[in-house]
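Asks: Encoded as structure tokens, here's the structure I'll be asking about.
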Amino acid sequence: MNATSSTHPHGPGHSRSDQAAAGTPTGAAAGRGESSGMPPASHPGEVGSGPVTAEPPVEVLLLRLDPDLPAPAYAHPGDAGADLVARVDVVLPPQGRATVPTGVAIALPDGYAAFVHPRSGLAARHGLTIVNAPGTVDAGYRGEIAVTLLNTDAEHPIELHRGDRIAQLVVQRVDRARFVEVEQLPGSHRGEGGFGSSGGWKAARTG
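Numbering-wise (the numbering used here), the sequence shown opens with residue 28 and increments by one.
So, in structure tokens, the structure goes:
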């Protein structure tokens, strides 16, 4: 992305991780069951057990409406959000907004939804966010994913170019609720407290 400050965070970064090899008890120590410095083995499912086999990733059907743009991709292992890019050039004036197409459409399996989140770096450096964050992509939606961006900066425009990463797509399992009408709700410790009832907002407004 290019702002008037001419910063352009293009391309995902690269992370490195160090790996350490762990030894196992040998010889007499192993025979006597003496500690080797490693935690004791646990049965599967117990707290503190060894690596758990991860579930296979959910399969999401993808249609690239613009073959010259990259498909959504995760920048790093373990990332929750896959990057979405702008399909067109756009300039957001100070405190202006625009709906930007991403060049992709998806089909989610039943029981899943996708949520469009702002990118933290763009928000921190340029005040760029999403009006309805997070935007919701329902499983039945087949149209192009578009992102309604908002420039919260009151002085500087933000210039986006085709191919710039503008948002992140998070795929999550969701439940459908069965709403049961009652005459009275059960009590709770919080009750009807809301809109700052837990405190903290006064401190933010002082000074």
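Here a beta-carbon is modelled for each residue, glycine too, at the ideal position from N, C-alpha and C.
Please classify arginine 217: does DSSP put it in a helix, a strand, or coil?
Replies: Residue 217 sits at position 190 when you count from the first residue of the sequence shown. DSSP places arginine 217 in coil when its eight states are reduced to three.
Asks: Would you call glutamine 195 buried or exposed, if buried means 16 or more other Cβ atoms sit within 10 Å of its Cβ?
Replies: As a working note, residue 195 is residue 168 in the sequence shown. Counting Cβ neighbours within 10 Å, glutamine 195 comes out buried, since at least 16 surround it.
Asks: Ends of the beta strand (DSSP E) at histidine 144?
Replies: In the sequence shown, residue 144 corresponds to position 117, counting from 1. Element bounds for histidine 144: 139-144.
Asks: Please work out which residues of its chain come closer than 6 Å, Cβ to Cβ, to aspartate 202, disregarding the five sequence neighbours upstream and downstream, and give them in chain order.
Replies: Locating residue 202 in the sequence shown gives position 175, where the first residue counts as 1. In the same chain as aspartate 202, and ignoring 5 residues on each side of it, no C-beta atom comes closer than 6 Å to its own.
Asks: Could you compute how far the alpha carbon of alanine 151 sits from the alpha carbon of tyrosine 139?
Replies: Counting from 1 along the sequence shown, the entry for residue 151 is found at position 124. Counting from 1 along the sequence shown, the entry for residue 139 is found at position 112. If you take the alpha carbons of alanine 151 and tyrosine 139, they lie about 30 Å apart.
Asks: In the region 77-117, which residue ranges form an unbroken beta strand (DSSP E) of at least 3 residues, counting only runs that do not cross its ends?
Replies: 88-91 and 109-112
Asks: Could you give the DSSP three-state label for glycine 167: helix, strand or coil?
Replies: The residue given as residue 167 occupies position 140 in the sequence shown. Correct three-state label for glycine 167: coil.
Asks: Between the region 151-167 and the region 101-110, are three or more C-beta pairs nearer than 8 Å?
Replies: Fewer than three pairs of CB atoms, one per stretch, sit closer than 8 Å, so the region 151-167 makes no contact with the region 101-110.
Asks: What's the call for glycine 170, buried or exposed, on a 16-neighbour Cβ count within 10 Å?
Replies: Start at 1 with the first residue of the sequence shown, and residue 170 comes out as number 143. Here glycine 170 is exposed. Its C-beta has fewer than 16 other C-beta atoms within 10 Å.
Asks: If we call anything under 9 Å between Cβ atoms a contact, is arginine 114 one with arginine 189?
Replies: As a first step, residue 114 must be located in the sequence shown, where it is residue number 87. As a first step, residue 189 must be located in the sequence shown, where it is residue number 162. Closer than 9 Å, so yes.
Asks: Return the first residue and the last residue of the alpha helix (DSSP H) that alanine 150 is part of.
Replies: Counting from 1 along the sequence shown, the entry for residue 150 is found at position 123. Here the alpha helix (DSSP H) through alanine 150 covers 147-153.
Asks: What is the DSSP secondary structure of glutamine 122, counted as helix, strand or coil?
Replies: Residue numbering aside, residue 122 sits at position 95 when the sequence shown is read from its first letter. In the structure shown, glutamine 122 falls within a coil segment according to DSSP collapsed to helix, strand and coil.
Asks: Below 8 Å on the Cβ atoms is my contact criterion, and I expect asparagine 178 with leucine 96 to pass it. Report the Cβ-Cβ distance as a whole number of Å.
Replies: Residue 178 sits at position 151 when you count from the first residue of the sequence shown. Residue 96 sits at position 69 when you count from the first residue of the sequence shown. Contact flag wrong, Cβ pair sits at about 22 Å.
Asks: With DSSP run on the structure shown, which of helix, strand or coil describes glutamate 186?
Replies: What you label residue 186 is simply residue 159 of the sequence shown in a count that begins at 1. Strand at glutamate 186.
Asks: Looking at the structure shown, is alanine 160 part of a helix, part of a strand, or coil, going by DSSP?
Replies: As a working note, residue 160 is residue 133 in the sequence shown. The three-state secondary structure of alanine 160, taken from DSSP, is coil.
Asks: Which residues in the same chain as proline 161 place their Cβ atom closer than 7 Å to its Cβ, once the five residues preceding and following it in sequence are excluded?
Replies: If you number the sequence shown from 1, residue 161 lands on position 134. Around proline 161: Phe142, Val143 and His144.
Asks: Relative to the C-alpha of asparagine 159, which candidate in Asp165, Pro128, Thr175 and Gly167 has its C-alpha closest?
Replies: For this step, residue 159 is matched to residue 132 along the sequence shown. Ranking Asp165, Pro128, Thr175 and Gly167 by CA distance to the CA of asparagine 159 puts Thr175 first.
Asks: Taking the Cβ atom as the reference point for each residue, do proline 128 and alanine 98 lie within a distance shorter than 9 Å?
Replies: The count along the sequence shown starts at 1 and reaches residue 128 at position 101. The count along the sequence shown starts at 1 and reaches residue 98 at position 71. The answer is no: Cβ separation not under 9 Å.
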